[in-house]
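For the sequence shown, the working numbering gives the first residue as 27, with consecutive numbering after it.
Cβ coordinates follow ideal geometry from the N, Cα and C atoms, glycine included.
All figures in this text were calculated on a predicted structure; none of them were measured in a lab.
For reference, the structure is listed below as structure tokens.
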Amino acid sequence: MFSHLFRSQIKVSIVKAVCFSSILSITALSACAQQIALPPAIEFPADIPENTLQTLHPVHPRIMANAEDFAAIRKIAAENADVATMVKSIRESADGLLKRGPREYTGADKGRMLSTSRWVRGYVMTLGMAYQMTGDKRYADRIWVELENAAKFPDWNPPHFLDTAEMTYAFAVGYDWAYDAWTPEQRTFIRRTMVEKGLNAGLENYRRGAWWIKATNNWNQVCNGGMILGALAVADEEPAVANEIIRHALVSLPYSMREYAPDGGWNEGPSYWILSTHFVASLLSALDKSLATDFGLSKFPGFSETGNFPLALNGPLGKMFNFADSSETWSSSSPQLFWFASQFDKPGQAAFQIPAAKKRTHPLDILWGARWVQSQPAPSNPLVAYYTRANVVTMRSNESDPDATFVGFKGGDNAANHSHLDLGSFVLDALGERWAVDLGGDSYELPGYFREQRWTYFRMRAESHNTLVINPSALPDQNPKAKAPIVQFGDKPGASFAVADLSNAYDAHKIKAQRGVRLLGTQVLVQDEISAPAPANAWWFMHTRAAIEVNGSTATLRLNDKTMTARILSPASATFQVMAAGPLPSSPNPEGQQKNADIRKLAIHLPDVSETRITVLLTPGAAIPRQPEVESLRDWK
């Protein structure tokens, strides 16, 4: 049944079997592994439980689900056609994997093998769910092929610890969900590999104080999440290593969990909200199913509301307000919305995920979503939302009309993980089209993309966003450490607004700047007030896929036989112009960037201003726009 390689590995594992006795210390375990030299153990804070495993559920499966959960899903699938179709979709994907070989060890030579780890995790979860739904051992055998192959990798690239964490997640699910299919030798092999290449690497990171332990972003949640799932999967056989991993994670996770306060916003942007909450929901679910407690992690302020964040950022045509390194479309599934809906009694969040779950089913859509798909809760989208820590506001003219006007506007923090220099930027949907676009990120393979060269790339700079550029040069066109708070906000239906103070973004020139965005029915008013101590060179930009026809202070945008009119209300002398979506002549222009050939830039240029107010009214449709009175931002109510 097993390959020659597996038989030779079993011989080795039998010789080393004593190394995996649950009574041995972690130090002895590490010495047997002879792969990772662990630093000395640390002392834990007094509020961290000394033994986290007292309530361990002693049987498998227990990672995010137990046998009763899987049985309940099978029952629902037998009774509900939609859930049955979702299960069939997973089974068909798993059948495709039966014909495909395992993933190769790739990417580590470039500093990351994250895509490999993610593919393996996806394969194993798909096969594991298919096995649980059908009992067909072919799926477990294919999991074995994947795990045996990944075990042969020289390592799981612990210097880029996301790779290690995601691979450990894969091994935890494979070990646990197909546990009853494994022989004792296979269990020992999978467990040994998970400890040596995953959990010991985690202990080395925890004990030496790796940077991500105190990170406030997705790294903290992904790394801790993978380690927790791995620890819980082997906790009965390896209690010492599992307990220490969980204790470390309980110290580390509050650094990122605090970022949800007070209202559930996330300043890394929607794509990294998806990633981070996927791992948080996974680890909390695994803790609950394995230990009957999440040690209070789900009680952090704002966390119970974070499932509303993607609903607020989602425009009426299904595109999101994609600030930071995020894409316009929902490129990743969000089954964790089902988990949030159940955990915090938020049926609207489940309703949001149901169409995506039916269209492209993720294994966790079935695990967490089967009962919601069966009950079909009513959707709900907020007309106005304001996230105070992220300083992000969204406004829409109607909560259910696909042709509604929707505007997403941000202040924010340029120093946040994955941020662009985009303080003051906005996106705009109307008539079923996106008129003002955010270009999103560029290739992560660009030299220095996450280091000092980041602000040389067009898509990272303010000039690629729908905001102001003042006194452009080769330097960063906003202060990379700037913050822009929302200083005024109104949520009156049909006349909501927000004002952000952008002054910190342009403080190199001691410039004061504020931007207000107002929804007036279906129209959007964008107003900037700039005060400079010396004459300044100011640009106003809006990026669009529409064709643009300019006539002085009016521009007509046409997209798919629909029309948007832009009109400058002030200053009286200002006119529009159309530019290519590329760097200004004074800006850096490194090779290898995306070309943005399908994007045009609507621009206003004021080359010599000290005090000015730029007011632009955007009106959907071809009708003559209703022109509001221009008033100071401080008078907006």
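Terminal residues of the beta strand (DSSP E) in which residue i lies
i	result
ILE537	Neither: ILE537 is in no beta strand (DSSP E) and is coded neither H nor E.
PHE370	No beta strand (DSSP E) holds PHE370; the alpha helix (DSSP H) holding it covers 362–370.
GLN514	512–516
ASP455	452–456
LYS240	Careful: LYS240 lies outside any beta strand (DSSP E) and carries neither H nor E.
LYS588	588–596
VAL410	410–413
Neighbour-count burial assignment, residue i, 16 or more Cβ in a 10 Å radius
i	result
LEU644	buried
PRO342	buried
LEU258	buried
TYR470	exposed
PRO361	buried
VAL543	buried
ASN348	buried
ASP189	buried
PHE305	buried
GLU657	exposed
PHE476	exposed
ILE512	buried
ILE116	buried
GLN158	buried
ASP527	buried
PRO180	exposed
TRP394	buried
TRP566	buried
PRO519	exposed
Nearest to residue i (by Cα), restricted to the options the options
i	options	result
LEU295	GLY466, GLU489 and THR81	The residue asked about is misnamed: residue 295 is Gly in this sequence, not Leu. Closest by alpha carbon: GLY466.
GLN247	SER282, ALA107, ASN226 and HIS274	SER282
THR493	ALA462, ASN293, TRP170 and ALA623	ALA462
ILE556	GLY252, TRP145, ALA500 and ILE496	ILE496
GLU94	PRO389, TRP203, GLU172 and GLY127	TRP203
ASP429	LYS101, GLU69 and THR589	THR589
ALA573	ALA564, LEU585, SER423 and PHE567	LEU585
PHE96	ARG397, MET346 and ALA441	ARG397
GLY137	MET112, GLN158, HIS186 and ALA107	HIS186
GLU406	SER426, LEU472 and ILE89	It should be pointed out that residue 406 corresponds to Ser in this sequence rather than to Glu. Minimum Cα distance to SER406 is reached at SER426.
ASP503	ARG541, THR548, LEU610 and VAL513	LEU610
PRO265	ASP455, PRO84 and ILE630	PRO84
LYS436	GLY520, VAL552 and GLY547	VAL552
LEU225	ALA261, GLU211, ARG213 and LYS240	ALA261
SER143	PRO75, ASN183, ARG126 and VAL453	ASN183
MET90	ALA103, ALA72 and MET155	MET155
THR580	PRO75, LYS315 and GLN653	GLN653
ARG100	GLY474, ALA607 and ILE392	ILE392
PRO597	GLN603, THR132 and LEU632	LEU632
LEU255	THR81, ASN424 and ASP314	ASP314
GLY434	PRO327, GLU354 and PRO389	GLU354
ASN615	GLN549, THR482 and SER490	THR482
ALA63	ALA191, GLU230 and ALA166	GLU230
THR548	GLU489, ASN424, GLY450 and ALA606	ASN424
Delimiting residues of the alpha helix (DSSP H) encompassing residue i
i	result
TRP565	Not the alpha helix (DSSP H): TRP565 falls in the beta strand (DSSP E), residues 549–570.
GLY608	Segment: none, GLY608 is in no alpha helix (DSSP H) and carries neither H nor E.
SER316	296–317
THR142	140–160
VAL463	Here VAL463 belongs to no alpha helix (DSSP H), and DSSP marks it neither H nor E.
SER115	107–124
ILE496	Careful: ILE496 lies outside any alpha helix (DSSP H), inside the beta strand (DSSP E) at 494–496.
ILE68	Note, ILE68: premise wrong, no alpha helix (DSSP H); not H, not E.
GLY200	187–203
Heavy atom of the ligand ATP within 6 Å of residue i beta-carbon
i	result
ARG213	The model on display carries no ligand, and the ligand ATP is accordingly not part of it.
For residue i: DSSP bridge partner residues
i	result
HIS631	TRP565
GLU637	SER557
ASN577	THR580
GLY542	VAL525 and GLN553
LYS436	VAL418
PHE602	ILE630
LEU255	Looking at the DSSP assignment, LEU255 forms no beta bridge with any residue, so it has no partner.
LEU644	VAL550 and ALA592
LYS664	Shown here, the chain extends from 27 to 663; a query on residue 664 therefore has no answer.
LEU337	For LEU337, which the question treats as bridged, DSSP gives no partner whatsoever.
LEU585	LYS588
MET346	ASN340
Nearest-angstrom beta carbon gap, residue j and residue i [assumed within contact, 8 Å]
i	j	result
ARG168	LEU140	Not a contact, Cβ separation roughly 22 Å.
LEU153	ALA120	5 Å
PRO559	ASP634	Contact flag wrong, Cβ pair sits at about 14 Å.
PRO66	ARG233	7 Å
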